[in-house]
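For the protein sequence lines, the chains are A and B, in the order given.
In this text, residue positions in the first sequence follow this note's numbering: the first is 27, and each later residue adds one.
In this text, residue positions in the second sequence follow this note's numbering: the first is 503, and each later residue adds one.
From the three backbone atoms N, C-alpha and C, an ideal C-beta is built for every residue, glycine too.
In this text, all values refer to a predicted model and were calculated from it rather than measured experimentally.
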Amino acid sequence: MTDIDPRGERAAALRRLALVYMTTALGLFLLMGLLGLLMRLDQAGLFVLPPLQFYQVMTLHGGGMIAMALLGAMGGLANALSMAISLSPRLLWAAYVVYLAGVALFVIGTLIGGFAAGWTMLPPLPFDPSHEWPLWAAVVSCIAYLLIGVGFLLFCLNVLYAARRAFGGLGGALGWPYLFSAGKNQASPPPPPMVLAATAVSIDGVLTVAAGALLLMAMLAQAAGLVGSLDALLAKNFMFFFGHMTANLTIYLAAGLVYATLPVYVGRAWKASWPVVLAFNVLVVGVILPYPHHLYQDFVQPLGMQIVGQVGSYAAGLPVILVTVTGGLTLIYRSGMRWSVPSILIAWGLWGWVFGGIGALLDSTIAVNQVMHNTLWVPAHFHTYYLLGAVAFVWAYFYHLTGELSGRHDRFASKIAAWMYGLGGLGFVLTLFLSGAAGVPRRYAEHLPEWQIFAKVGTPFVIALGLGIGWLAVEMFARLGIAWRNAAAHSA
Amino acid sequence: MVVFGVLAALGVIWTAVWVWVLGHSGGRAAYEELVPKVDVIRRRLFYLSAGSLTLLLLVSFYWLPYFPMRALTIGKPQLVVQVIASQWYWKLSTSEVPAKTPIEFVVTSKDVNHGLAVYSPDGKLLTQVQAMPGYTNHLIYAFERPGTYMIRCLEYCGMPHYVMVTPLTVK
Chain A
27 MTDIDPRGER AAALRRLALV YMTTALGLFL LMGLLGLLMR LDQAGLFVLP
77 PLQFYQVMTL HGGGMIAMAL LGAMGGLANA LSMAISLSPR LLWAAYVVYL
127 AGVALFVIGT LIGGFAAGWT MLPPLPFDPS HEWPLWAAVV SCIAYLLIGV
177 GFLLFCLNVL YAARRAFGGL GGALGWPYLF SAGKNQASPP PPPMVLAATA
227 VSIDGVLTVA AGALLLMAML AQAAGLVGSL DALLAKNFMF FFGHMTANLT
277 IYLAAGLVYA TLPVYVGRAW KASWPVVLAF NVLVVGVILP YPHHLYQDFV
327 QPLGMQIVGQ VGSYAAGLPV ILVTVTGGLT LIYRSGMRWS VPSILIAWGL
377 WGWVFGGIGA LLDSTIAVNQ VMHNTLWVPA HFHTYYLLGA VAFVWAYFYH
427 LTGELSGRHD RFASKIAAWM YGLGGLGFVL TLFLSGAAGV PRRYAEHLPE
477 WQIFAKVGTP FVIALGLGIG WLAVEMFARL GIAWRNAAAH SA
Chain B
503 MVVFGVLAAL GVIWTAVWVW VLGHSGGRAA YEELVPKVDV IRRRLFYLSA
553 GSLTLLLLVS FYWLPYFPMR ALTIGKPQLV VQVIASQWYW KLSTSEVPAK
603 TPIEFVVTSK DVNHGLAVYS PDGKLLTQVQ AMPGYTNHLI YAFERPGTYM
653 IRCLEYCGMP HYVMVTPLTV K
């Protein structure tokens, strides 16, 4: 591990790379967030978004937010990992360019081309002849997803190569010598938790991108007239394997940032204990199993797959939540934690991860899903563990990084803004959960008058959240110039 | 709303723990002494969660919506309703069905994926199944009370998705 030097050129390049990745992510978040607010205002009956525009906005908001969160998590972790493994800045810059080209194409496909098949793009809708968008918009949007997938793939391959090199193989990077000696092999201490998280995510990331690429190529082949119609059930399985896994892996990638950030504010080291190593190893398989829960209402799906979906959903989140959340709370308890924007956001992130997880777990029960599937319960749970989980972790790390590099620290107003982000998010997701419990469908461009009350109550919370993150964004953007210059010399 | 009640109850417990820990973030405790105690709590939490989830899994199978299970819990279908979903309307072989009778909805789609969802006269989502091109799904349901029920599309199927609705009269 001789090339791991926090003062070296590689580390400096990774710090700058993290700044660019995360700045882009934050910019995208603000834009996509505004689109989300427009949709909620429309559903509240306070603003009129014509249906076609509503669905274009919905498609861009969904795809854009997932791409944004993944980009931010990748950038942050690339820098955090530089203390333990040697990633290639050149390859990560290439990944950024490819990824951003994908995002740009998706914006073109939706806003200019009018593509509005939803972020899940379930075949045959994207190329259905009765749709309202031109063929080129659907083709461009498929290529956009492919490029975003390739960007993620480059990140994953880079992590796997570097982790393998640093820890003598993938088994070493997953802490196997330590794991299989029941934690007694002190000669082979496990890798830091963020390496475990990055390795586990990257293994599954390769599988995810492969599945997504296969489906997208088939869709493009269909658009070119090279193949006939795709099997609807098979296509759904591939799309949800790709989509669910990408969204899920983003959360675990972002969780890796908690391991890098929280110790700084509590003054305690967060080492990989045996349960942590076990949990991330279980994650490698565990994260693959739950995706069939998206297909519970496709009754022709084999029953065994439906049961795997429920068992897998119960089993997948539990180990990592138990170790990361209990580990995080233990780290905070009687630590003399420094209350700062990053620690406040991480506290919200831990809350949202668990609360969203409870909502997800309930909905992953087939009997419950019968009356919750495709209601607003679904966006409720994933907004909870994105907005108040993964994304909160990403902003925590970004705020921490820009603070360390610029030497500027938060003020009282910054902390208020961080609390506002959390409280606004809390109110917003609760109204979504209530809507779902009342059976309000998701993806409706217009809501019945009796449904509008949920969006009306939720809207002020979204605005509070927006003001909170807006304030923090201004602070982070204002630090960027000095942070960029100091990145070369700093050892953060 | 029962499900929301469960979410709220578990959410309150979790929030109480979260607030308590954050409220005790001050002061200084020896971390090395905390770790073994938390390991015990974590192990107990794991057994509690694993046990509860296994129980929930097994009990929940009673309410599986799939054909053989519903034929057992609701009864063998006495009437068949053919449903064809198209952009953006529903075609039902009949628009009137009897109450308290197990009905089999045979559901397919002519074009893209749709979702057949049955809403009660007071707006409650009762049951649903996907309508898929190239596949036929079989859903059994028995309506408790007469009234005008609504069938809404719950799988996004293009711009007029939100107006893809049709009444179903239960007598």
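Consider the Cβ of residue i: report whether some Cβ of chain B lies at a distance smaller than 8 Å.
i, result
"A/V253", "no"
"A/A386", "no"
"A/A454", "Reading off the sequence, residue 454 of chain A comes out as Phe, not Ala. Output row for A/F454: interface = no."
"A/T114", "For clarity, residue 114 of chain A is Ser in the given sequence; the question names Thr instead. No, its Cβ sits nowhere closer than 8 Å to a Cβ of chain B."
"A/E430", "no"
"A/A142", "yes"
"A/G362", "yes"
"A/A463", "yes"
"A/Y447", "no"
"A/P316", "no"
By Cβ distance, which residues of its chain are closer than 7 Å to residue i, with the 5 residues on each side in sequence left out?
i, result
"A/G209", "W300"
"A/R468", "N400, T401, L402, V404, P405"
"A/A509", "L45, T428, L431, S432"
"A/I169", "L131"
"A/G269", "T146"
"A/V74", "D68"
Find the nearest neighbour of residue i within the set the options, judged by alpha-carbon distance.
i, options, result
"A/E35", "A/N105, A/L63, A/V404, A/V46", "A/N105"
"A/A223", "A/P203, A/Y278, A/L183", "A/Y278"
"B/G636", "A/K262, A/F424, A/G385, A/L315", "A/K262"
"B/F607", "B/V614, B/D613, B/P623, B/A573", "B/A573"
"A/V166", "A/E158, A/L131, A/P160", "A/L131"
"A/S108", "A/N184, A/L63, A/G197, A/L242", "A/N184"
"A/A443", "A/S366, A/F325, A/G140, A/L315", "A/S366"
"B/Y643", "B/K612, B/T650, B/R544, B/I576", "B/I576"
"A/M65", "A/A471, A/P115, A/Y125", "A/A471"
"A/P289", "A/A121, A/F454, A/G354, A/L452", "A/G354"
"B/K539", "A/F193, A/F153, A/T356", "A/T356"
"B/D613", "B/I605, B/M634, B/V519, B/F563", "B/M634"
"A/L259", "B/L550, B/V672, B/T638", "B/T638"
"A/V124", "A/G175, A/G59, A/K441", "A/G175"
"B/W520", "A/G484, A/M502, A/L376, A/L151", "A/L376"
"A/W374", "A/L329, A/L449, A/L304", "A/L449"
"A/A249", "A/V310, A/F503, A/D154", "A/D154"
"B/G649", "B/L559, B/T629, B/T610, B/E598", "B/E598"
Inspect the beta-carbon positions of residue i and residue j and report whether they are closer than 8 Å.
i, j, result
"B/E657", "B/G625", "no"
"A/Q327", "A/I392", "no"
"A/L414", "A/G383", "no"
"B/G507", "B/W590", "no"
"B/G525", "A/R360", "no"
"A/L256", "A/A239", "no"
"A/V420", "A/A189", "no"
"A/M100", "A/Y47", "yes"
"A/P203", "A/V302", "no"
"A/L26", "A/T225", "Outside the shown range of chain A, which is 27 to 518, sits residue 26 of chain A, and nothing can be said about it."
"A/M84", "A/M58", "no"
"A/A281", "A/V349", "no"
"A/A121", "A/G53", "no"
Please check if any C-beta of chain A sits within less than 8 Å of the C-beta of residue i.
i, result
"B/M652", "no"
"B/G649", "no"
"B/L656", "yes"
"B/P579", "no"
"B/I557", "With the sequence shown as reference, residue 557 of chain B is identified as Leu, and Ile is not the correct amino acid for it. No, no contact with chain A."
"B/H663", "yes"
"B/V523", "yes"
Note down, in chain order, every chain B residue with its Cβ under 9 Å from the Cβ of residue i.
i, result
"A/L275", "In chain order: nothing, as chain B lies at least about 22 Å away."
Name the chain B residues that come within less than 8 Å of residue i, Cβ to Cβ?
i, result
"A/S156", "Q589, D613, G660"
"A/Q69", "Near A/Q69 there are no residues of chain B at all, since even the closest Cβ is about 10 Å away, more than 8 Å."
"A/F325", "P567, Y568, F569, V631, Q632, N639, H640, L641"
"A/P301", "D541, R544"
At 9 Å on the CB atoms, spell out the chain A contacts of residue i, in chain order.
i, result
"B/Y549", "None at all; the shortest Cβ gap to chain A is about 11 Å."
Which residues in the same chain as residue i place their Cβ atom closer than 6 Å to its Cβ, once the five residues preceding and following it in sequence are excluded?
i, result
"A/I495", "Y447"
"B/S595", "V583, Q584"
"A/M27", "Summary for A/M27: the model assigns pLDDT 41, below 50, so the residue's position carries little reliability; its value from the coordinates is reported in the next sentence. Cβ within range, chain order: A192."
Can you pull the chain B residues whose beta carbon is under 7 Å from the beta carbon of residue i, in chain order?
i, result
"A/R393", "It should be noted that the sequence gives Ala, not Arg, for residue 393 of chain A. S562, W565, L566, listed in chain order."
Excluding the 5 residues flanking residue i on each side, which residues of the same chain have their C-beta closer than 8 Å to its C-beta?
i, result
"A/N395", "H319, Y322, Q323, D389"
"A/V253", "A244, A247"
"A/A386", "S339, G343, H407, F408, Y411"
"B/V665", "W590"
Determine whether the Cβ of residue i lies closer than 8 Å to any Cβ atom of chain E.
i, result
"A/I372", "Protein chains in the displayed structure are A and B, and chain E is not among them."
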